[in-house]
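First residue of the sequence shown? That's 40 in the working numbering, and the numbers climb one at a time after it.
Taking it in order: structure first as structure tokens, then the write-up.
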Amino acid sequence: MLSGFLASLFAGLATTIGALLLLFKIKFGSKSMPLFLGLSGGIMFSASIFSLLIPALETGNLILVLFTFLFGAVFVDFVDSVVPHEHFIKGLEGPASKLKMVSLILLTMVIHNFPEGMAVGVSFAKGITPAAISLAVAIGLQNIPEGAAVALPLFSLGLSKSRAIFISFLTGMVEPVAGFFGVSIGILFSKLLPYLMAFASGAMVYVVSDEMIPESHTQGSEKVATFSFMVGFVIMTLLDNLF
């Protein structure tokens, strides 16, 4: 249980590493977002299939695994529709709200990071395996550009660098909370583990398909986004098979 929490904590803290780039004046403008979104999307998609869905299919009931996979997507879609949040490229989504932009960005990353943290936690429910470690490392890697993507808009809104970095840190801390939940349920109710893995997989695939891919294609850099997606997919697939 501790290993799942620590692994998701590591992945969440990687968000802060990305935010710390503010201190070094490294700029990631809107033109570089397609590259980062594509890379992160490829990593998440590969992890969803090879680290979560396929192991779930190998150990669980086929129909129930596929049902919970779809339910994971439906659940995130429901949260997406009722919670107002801000996309960095598409803009406001969800019911009209007077929440400040900072709150919207925070809500966006909470919605995005919860399935990631849960996926890491669930993967450690069987113990410290190479597949679980590679998933945690991959999620951590794709959280670095995400951290920059959170902190930079906050800084541009007038927040100090320290506040922007701290808020980015808070968004990352959603992952260990979700990770602890995932690993706890997976250990206490081991028969549910395949379906928890399928749920997390469906949630992550939904985020990739509904948010990351469409947003990465809105800046006229479709080829950059597509090839970076493929590179991310290859990176995660290598991690999943080499370790």
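Note that beta-carbon positions come from the ideal geometry of N, C-alpha and C, so glycine has one too.
Can you name the start and end residues of the alpha helix (DSSP H) that residue i belongs to?
{"i": "Ile-56", "result": "41-58"}
{"i": "Ala-164", "result": "First-last for Ala-164: undefined, no H or E at that position."}
{"i": "Asp-119", "result": "101-121"}
{"i": "Gly-241", "result": "232-246"}
{"i": "Ser-207", "result": "200-211"}
{"i": "Asp-279", "result": "261-281"}
{"i": "Glu-250", "result": "Careful: Glu-250 lies outside any alpha helix (DSSP H) and carries neither H nor E."}
{"i": "Leu-96", "result": "93-98"}
In whole angstroms, what separates the C-alpha of residue i from that of residue j?
{"i": "Ile-183", "j": "Ser-248", "result": "20 Å"}
{"i": "Asp-116", "j": "Phe-106", "result": "15 Å"}
{"i": "Ser-162", "j": "Leu-174", "result": "8 Å"}
{"i": "Ala-13", "j": "Glu-250", "result": "Here the chain comprises residues numbered 40 to 282, so residue 13 is not present and cannot be evaluated."}
{"i": "Phe-89", "j": "Phe-63", "result": "36 Å"}
{"i": "Gly-130", "j": "Ala-188", "result": "The pLDDT assigned to Gly-130 is 49, lower than 50, so where the model puts this residue is not dependable; a value taken from the coordinates is nonetheless given after this. Approximately 14 Å, taken between the alpha carbons."}
{"i": "Phe-84", "j": "Ser-199", "result": "34 Å"}
{"i": "Lys-137", "j": "Asn-280", "result": "Caution is warranted here: a pLDDT of 38 is assigned to Lys-137, below 50, making its placement in the model unreliable, and the coordinate value is therefore given only provisionally. Straight-line Cα distance between these residues: approximately 47 Å."}
{"i": "Phe-194", "j": "Leu-227", "result": "42 Å"}
{"i": "Ile-56", "j": "Gly-186", "result": "7 Å"}
{"i": "Leu-278", "j": "Gly-156", "result": "18 Å"}
{"i": "Gly-259", "j": "Phe-75", "result": "14 Å"}
{"i": "Ala-112", "j": "Leu-209", "result": "24 Å"}
{"i": "Leu-92", "j": "Leu-196", "result": "39 Å"}
{"i": "Ser-240", "j": "Ser-201", "result": "34 Å"}
{"i": "Thr-371", "j": "Leu-61", "result": "The shown model of the chain, from 40 to 282, leaves out residue 371, and the question about it has no answer."}
{"i": "Leu-52", "j": "Ser-87", "result": "21 Å"}
According to DSSP, simplified to helix, strand and coil, what is residue i?
{"i": "Ser-195", "result": "helix"}
{"i": "Ser-173", "result": "helix"}
{"i": "Gly-81", "result": "helix"}
{"i": "His-256", "result": "coil"}
{"i": "Ser-87", "result": "helix"}
{"i": "Ser-71", "result": "coil"}
{"i": "Phe-63", "result": "helix"}
{"i": "Phe-153", "result": "helix"}
{"i": "Phe-228", "result": "coil"}
Evaluate contact between the region 219-236 and the region 92-111, counting only Cβ atoms and requiring at least three cross-stretch pairs below 8 Å.
By the Cβ criterion, the region 219-236 is in contact with the region 92-111, since at least three pairs of Cβ atoms, one from each stretch, lie closer than 8 Å.
Are at least three pairs of beta-carbons, each pair with one atom in the region 150-161 and one in the region 207-215, less than 8 Å apart?
The region 150-161 makes contact with the region 207-215: 3 or more CB pairs, one atom from each, lie closer than 8 Å.
At least 3 beta-carbon pairs within less than 8 Å: the region 201-209 vs the region 76-87:
Cβ pair count under 8 Å is below three, so no.
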